Structure formats: C-alpha cells, structure tokens
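Chains as they are written, first to last, in the working numbering: chain A, 146 to 338; chain B, 116 to 494. Note that the Cβ used here is the ideal one computed from N, Cα and C, for glycine as well. Note that the structure is a prediction, hence the values are computed from the model and not measured.
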Amino acid sequence: MARLAHLWDMSRCVACMACVIACNAANFPEYMRSSNPNPQWSWLASNIRVWWISVGGRPRVLLTQCMQCDNAPCVKACPTKASHYDPKTGLVTIDYRLCIGCKACVVACPYGARWIDPESHMPNKCLGPECSRRIENGLKPVCVTVCPANARDFGDLDDPESSISRRVRESTTIRLREELGTKPRNIVVLRGG
Amino acid sequence: MRSFLLAGLPIVLVVGFAVALYSYTVKEVHVIPWGLIVVGYTFFALVATGSSIVNSLYTIFHYRGPDGVLEKVIKYGVWFSLASIVPAWILILLDLAKPLAGAPLIIFSFAIHSRIYWMAVLYALFGIFLALELIYMIRSEVSERLRSLKILELTLASLVLLVTVLVHSNLGQVYGTMVSIPGWFGAHLAPLFIASAVLIGASGQAIYITLYKWRDVIVRSAATTLYGWIYILVTLLYVFLLGWVIITAWYGPAWISWSEIVKGAYALEFWLVEILLGVIAVLVLSAYAVTKRSYAAMLIASILLLIAGFASKYSLIVHHQLIALTPAGTPMRLSYTPGFDEILMMVGAIIAYIALLLLGTLLLPLEQGEKPRRLWIFR
Numbered sequence: 146m147a148r149l150a151h152l153w154d155m156s157r158c159v160a161c162m163a164c165v166i167a168c169n170a171a172n173f174p175e176y177m178r179s180s181n182p183n184p185q186w187s188w189l190a191s192n193i194r195v196w197w198i199s200v201g202g203r204p205r206v207l208l209t210q211c212m213q214c215d216n217a218p219c220v221k222a223c224p225t226k227a228s229h230y231d232p233k234t235g236l237v238t239i240d241y242r243l244c245i246g247c248k249a250c251v252v253a254c255p256y257g258a259r260w261i262d263p264e265s266h267m268p269n270k271c272l273g274p275e276c277s278r279r280i281e282n283g284l285k286p287v288c289v290t291v292c293p294a295n296a297r298d299f300g301d302l303d304d305p306e307s308s309i310s311r312r313v314r315e316s317t318t319i320r321l322r323e324e325l326g327t328k329p330r331n332i333v334v335l336r337g338g
Numbered sequence: 116m117r118s119f120l121l122a123g124l125p126i127v128l129v130v131g132f133a134v135a136l137y138s139y140t141v142k143e144v145h146v147i148p149w150g151l152i153v154v155g156y157t158f159f160a161l162v163a164t165g166s167s168i169v170n171s172l173y174t175i176f177h178y179r180g181p182d183g184v185l186e187k188v189i190k191y192g193v194w195f196s197l198a199s200i201v202p203a204w205i206l207i208l209l210d211l212a213k214p215l216a217g218a219p220l221i222i223f224s225f226a227i228h229s230r231i232y233w234m235a236v237l238y239a240l241f242g243i244f245l246a247l248e249l250i251y252m253i254r255s256e257v258s259e260r261l262r263s264l265k266i267l268e269l270t271l272a273s274l275v276l277l278v279t280v281l282v283h284s285n286l287g288q289v290y291g292t293m294v295s296i297p298g299w300f301g302a303h304l305a306p307l308f309i310a311s312a313v314l315i316g317a318s319g320q321a322i323y324i325t326l327y328k329w330r331d332v333i334v335r336s337a338a339t340t341l342y343g344w345i346y347i348l349v350t351l352l353y354v355f356l357l358g359w360v361i362i363t364a365w366y367g368p369a370w371i372s373w374s375e376i377v378k379g380a381y382a383l384e385f386w387l388v389e390i391l392l393g394v395i396a397v398l399v400l401s402a403y404a405v406t407k408r409s410y411a412a413m414l415i416a417s418i419l420l421l422i423a424g425f426a427s428k429y430s431l432i433v434h435h436q437l438i439a440l441t442p443a444g445t446p447m448r449l450s451y452t453p454g455f456d457e458i459l460m461m462v463g464a465i466i467a468y469i470a471l472l473l474l475g476t477l478l479l480p481l482e483q484g485e486k487p488r489r490l491w492i493f494r
C-alpha cells in the first residue's frame with residue numbers, strides 16, 4: 146500500500162491563502178456564502194488551518210491540515226471505528242455512517258486538524274470529499290494544484306521516484322510534534338533543495 | 116401532598132426532557148469541542164458512581180454505619196446512584212450529533228482501543244447491575260427465598276462495585292490518555308477521579324437522604340457522623356493526589372496549563388473555590404460536624420463539596436483545553452464562555468433529574484423493611 150502524504154514548503158509559501166480558499170470552494174461549496182462557516186476555528190470552511198506563530202520574536206505563518214499520522218490519536222480515540230485507515234489509500238478517513246459526532250477525535254488531535262461542521266455537528270478533516278474523489282482518480286488535492294509558488298505536494302513517500310520523495314531528499318524537512326509519538330506523515334520543508 | 120407530587124412530578128420530568136431536547140435543536144459549535152455539557156456529564160457521572168462506592172460500604176463490607184444508619188437508608192442510596200446516572204446519560208447523548216444511534220453504534224463497534232467505547236459499555240453495565248441490585252433489595256423484603264440467596268446479593272454488590280471503580284477510573288483516563296491537551300496526563304487521573312467521585316457522590320447522597328428524612332433525628336445525627344468522616348478522610352486523600360498531579364506537572368509539558376491554574380489566569384478560582392471552600396472549609400466543617408454532631412456543618416460541607424467538585428471538573432476539562440499547544444509546540448490561548456444552548460441543556464437535565472429522583476423516592480418502597488405492594492416493585 147502507498148504511504149500517501151502532504152508536503153508543505155514553508156520556504157516557498159507566500160501565504161496567499163489560495164490553498165485555503167480552494168479547499169473551501171472544492172470541498173465545502175455550500176458554505177461559501179455562510180457568515181460563520183467554521184465557528185470552532187473562527188475561520189473559513191476549509192481543512193487547512195492557519196496558525197500565526199512567533200519564531201524568535203518574528204511572526205511566521207504555519208499552514209496545517211490532517212497529518213495522516215501512522216499512529217493517529219483520532220483513530221485510537223474514536224469509539225465507533227468511524228475514524229480509520231482507508232484500506233485502499235492508507236489515509237486517515239471518516240466513515241460518516243459510523244460517526245456519532247462525539248468530538249473525541251477533535252479533542253484527541255494534537256494538530257487541531259479537525260473542525261466541527263456547524264450544520265451536521267460532524268467532524269471535518271483533510272481530505273475533504275472532493276479531494277478524496279480526486280485522489281481516487283489519480284489527481285492531486287486541490288490545494289496542491291492551485292498553489293502558485295509550488296509550495297505544496299502530495300504523493301507516495303514509499304515511491305522513490307515520486308515528486309514528494311524527491312523533494313524530501315533534496316530539502317531540510319521536519320515533521321510536527323514528533324515527540325508525541327503520532328508518527329505524522331506530512332512533511333514541512335524548512336529549506337528547499 | 117403526596118398525590119399532588121405524584122401528579123406534578125411526571126409533568127416536571129417531561130418539561131425537563133423537553134427543555135433538554137429543545138436545546139439539542141439549537142445546539143451550536145463552540146471554540147472548544149468539550150465544553151459545559153461534558154463538564155455536566157462528568158459531574159453527574161461522578162455523583163452516581165461516587166454514591167455507589169459509599170453504598171458498597173454496606174452492600175459489600177456490611178458496615179452499618181453509626182446507629183446502623185446505612186442499613187436504614189441503603190435503598191435510598193442505591194436509588195440515588197441510579198437516578199444520578201440519568202442526567203449524565205441525557206447530557207452525553209444530547210452532546211452527540213446522533214444521540215439515538217450513539218449507544219448502539221459504540222457498543223457494537225467493539226472499538227476496544229477507545230476509552231469512550233469502554234465508557235459506553237461500562238455505563239450500560241453500571242445501570243443494569245445497579246437496577247438489578249435495587250430490585251433485589253426491594254424484592255427480598257417479600258421473598259424469603261431471595262433473602263436467603265446471600266451469594267446473589269454479594270455477587271450483585273461486587274459487580275456494581277467493580278463496574279463503578281472501572282467506570283470512573285476509565286472516565287479519568289478518557290482525559291489522561293489524550294496527548295493533545297498537555298494538562299491531561301498520566302495514570303493519576305484515575306485515582307483522582309475516584310477520590311473526587313466519592314466526595315461528590317457522598318455529598319449529593321447526604322443532602323438527598325438527610326433532607327428527605329428531615330424528621331428522623333437519628334438518621335440525621337448518624338448521617339452527620341458518617342458523611343463527616345467520609346469527607347475528612349477522602350478530602351485528605353484527594354488533596355494528596357491533587358498535590359502530586361500538580362508537582363508532577365511542574366516537571367513536564369503539563370505545567371503550561373497547570374501553571375495558569377495554580378498561579379495564572381485561573382488561580383483565584385482554584386485557590387478560592389477548589390482549595391479554600393472545597394478543602395479547607397470542608398475539613399474544618401466536617402471536623403466540627405463529627406465532634407459536635409452538627410448536622411448544619413455537615414450540610415454546608417456537602418454543599419461546598421458539590422460546588423467545588425463542579426468547579427474542579429470545569430477547570431480540569433475546560434481550562435486545560437483553553438491553554439493548548441499549536442502544531443509548532445508554541446502556547447495557544449483560547450477564550451470560551453458557555454453558550455445559551457449549553458446552559459439550557461444543563462437546566463433541562465437538572466430539572467428532569469430532580470423530578471425523576473423525587474418521583475422514584477415516592478414510588479419505590481425504599482424504607483427499611485418496606486414491602487412492595489404494586490406492580491412488583493412499587494410501594
């Protein structure tokens with residue numbers, strides 16, 4: 146099975162938020178006109194979360210989404226097995242037929258990558274419905290496609306010829322909060338090759 | 116008066132459920148996933164299970180208490196435990212997006228890696244065993260055969276105690292196993308929850324039993340000594356455990372939120388409500404209650420314990436979520452005020468709870484030696 150993952154290159158990212166808007170438009174078009182689509186994050190109905198952090202006293206932007214952890218706390222916390230690893234893609238996925246909206250997965254995620262839908266009260270996360278369809282059809286998620294700075298990538302980490310594997314080899318990378326033992330697959334590039 | 120209450124309480128019960136159900140329809144999303152509703156659910160779950168541990172003093176260890184008070188009020192105690200789990204169930208089910216499908220989907224998923232899965236299974240067992248224990252107690256007043264089945268009595272009581280200890284230690288570890296919230300950490304949350312449950316459960320039980328049996332001076336006096344001693348011993352244990360939680364937090368990442376509770380934004384609430392009222396005042400009042408047999412002192416201590424117990428659960432659940440870490444590991448502060456929908460749901464659950472508790476008290480033969488006369492178990 147492929148080990149699919151996202152890559153976000155913070156050295157290339159210009160914080161234009163095209164990925165955030167694209168995620169919103171593709172995965173949650175019904176919320177495009179809503180005045181308060183994501184009250185939990187006070188943000189757009191998008192699976193990409195924007196964090197304004199301070200590094201050495203300087204403000205930096207950090208864009209995160211579901212880290213596709215190999216040891217996902219959300220999967221362990223889920224009382225109905227609704228949050229699970231997709232047997233085809235290996236990605237952390239929600240089966241909404243089983244999900245009861247207990248929010249345990251939202252609390253359990255140390256990356257704050259899940260948000261509660263204000264209408265259905267169910268959790269949302271990356272990949273959204275449209276991006277999941279794109280992956281099934283061999284396409285990349287919309288956030289990767291629209292990025293004007295080529296700061297994003299998505300692919301199989303186990304395939305040495307994939308563009309994501311090549312970029313990982315040629316760059317200085319980190320994975321967020323590895324000390325928690327969640328084994329996040331998503332990669333943050335600090336300095337590109 | 117009794118017939119007036121029997122006619123009015125079902126209406127109040129329905130009103131309580133209706134208010135809670137209405138609040139479900141206007142439910143909103145808040146900045147933290149687990150807010151006031153989860154605090155309320157945890158509080159009532161601890162009332163029920165803590166009261167059940169106090170009952171086990173009699174049902175398992177055959178301790179009758181001062182002047183045999185436990186023997187006189189044990190059925191009231193078991194009914195109090197059973198009724199107190201109902202508001203916890205109301206709150207946690209209505210906090211779900213799918214309240215009706217919630218319990219069966221959880222129980223039949225066999226997601227044994229999830230602490231919440233075990234909560235559902237253990238709650239179901241807790242309710243079943245407690246109901247069976249109460250039915251056994253009521254039926255054994257009229258059935259010589261049942262009364263002679265001591266092994267059945269002990270088995271039921273043991274199952275109730277086992278499930279009780281498991282259910283609230285597991286509840287503690289619902290929080291203790293979350294790596295996402297630094298302040299929720301370690302195995303010590305399980306014993307801390309057990310100690311807290313005994314305090315909250317005993318104080319709720321003390322208020323219910325002594326106010327209902329207001330005219331029974333012997334029960335009031337004996338209950339004063341019994342609950343007074345429970346408060347002294349378990350409060351000391353609770354402070355001991357809480358002290359070690361805070362000391363252990365100081366050495367690790369959990370200090371980021373515990374420091375705010377001990378000496379930061381929430382310090383006034385912690386020291387004033389949880390420590391001054393919930394520990395020091397309770398110890399002083401309880402010591403006075405047991406030495407002078409002062410019912411008033413015990414009653415005030417009980418009320419303080421309920422207030423401090425609720426405040427400590429609010430602090431543990433809400434405040435620690437408000438001081439979390441970003442994915443970069445930097446501190447993040449959030450702001451949360453309970454919403455109208457959450458307050459309404461709490462009010463509905465409390466109304467339904469009080470009505471149910473009183474209705475059962477009136478309908479069930481809970482007096483020592485009282486025989487059921489109607490429909491197998493009713494008085």
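Is there at least one Cβ from chain B nearer than 8 angstroms to residue i's Cβ?
i: Tyr256(A); result: yes
i: Arg322(A); result: yes
i: Lys248(A); result: yes
i: Ile309(A); result: no
i: Ile332(A); result: no
i: Met162(A); result: no
i: His266(A); result: yes
i: Val195(A); result: no
i: Leu149(A); result: no
Kindly indicate if chain A contains any beta-carbon less than 8 angstroms away from that of residue i.
i: Trp370(B); result: no
i: Glu457(B); result: no
i: Pro442(B); result: yes
i: Leu352(B); result: no
i: Glu143(B); result: yes
i: Tyr232(B); result: yes
i: Ala305(B); result: no
i: Ala235(B); result: yes
i: Leu211(B); result: yes
Just grab the DSSP bridge partners of residue i for me.
i: Ala310(B); result: Paired residues: none, contrary to the question.
i: Ile438(B); result: Arg448(B)
i: Asn192(A); result: Answer is none; Asn192(A) lacks a bridge partner.
i: Asn269(A); result: Trp260(A)
i: Tyr230(A); result: Val237(A)
i: Gly300(A); result: Ala150(A)
i: Phe493(B); result: Arg489(B)
Keeping to the same chain, check which residues put their C-beta closer than 7 angstroms to that of residue i; ignore five residues upstream and five downstream.
i: Pro202(B); result: Phe159, Ala464, Ile465, Ala467 and Tyr468
i: Gly155(B); result: Leu206, Met461 and Ala464
i: Val289(B); result: Arg230, Ile231 and Met234
i: Cys168(A); result: Ser191, Asn192, Ile193, Gly273, Val287 and Cys288
Buried or exposed, going by whether 16 or more other CB atoms sit within 10 Å of the CB of residue i?
i: Ser263(B); result: exposed
i: Val193(B); result: buried
i: His145(B); result: buried
i: Cys211(A); result: buried
i: Asn295(A); result: exposed
i: Gly150(B); result: buried
i: Pro442(B); result: buried
i: Ile319(A); result: exposed
i: Gly298(B); result: buried
i: Ala249(A); result: buried
i: His435(B); result: buried
i: Asp240(A); result: exposed
List the residues of chain A whose Cβ lies closer than 8 angstroms to the Cβ of residue i, in chain order.
i: Thr445(B); result: Ile198 and Ser199
i: Ala216(B); result: Ile245
In chain order, what residues of the same chain lie with their CB nearer than 6 angstroms to the CB of residue i, ignoring the 5 residues before and after it?
i: Leu325(A); result: Pro255
i: Ile333(B); result: Asp182
i: Arg254(B); result: Leu261
i: Leu478(B); result: Phe493
i: Ser401(B); result: Gly343, Tyr346, Ile347 and Ala416
Determine the chain A residues that contact residue i at a beta-carbon separation under 7 angstroms, and present them in chain order.
i: His228(B); result: Lys221
Please compile the residues from chain B whose C-beta is within a distance smaller than 9 angstroms of the C-beta of residue i.
i: Leu325(A); result: Val294 and Ser295
i: Gln185(A); result: Val144, His145, Val146, Ile147 and Pro148
Mind pulling the chain B residues with CB within less than 8 angstroms of residue i?
i: Lys270(A); result: Going along chain B, no residue has its Cβ under 8 angstroms from Lys270(A), so there is no contact; the nearest lies around 13 angstroms.
i: Thr209(A); result: Pro442
i: Pro218(A); result: Met293, Val294 and Ser295
Output, in chain order, the set of chain B residues within a Cβ distance shorter than 7 angstroms of residue i.
i: Thr225(A); result: Leu220, Ile221, Ser224 and Ala226
i: Val251(A); result: Pro148
i: Ile261(A); result: Val144 and Pro148
Should residue i be counted as a contact of the ligand ADP given a C-beta to heavy atom distance under 7 angstroms?
i: Pro148(B); result: Among the components modelled here there is no ligand, and therefore nothing to report on the ligand ADP.
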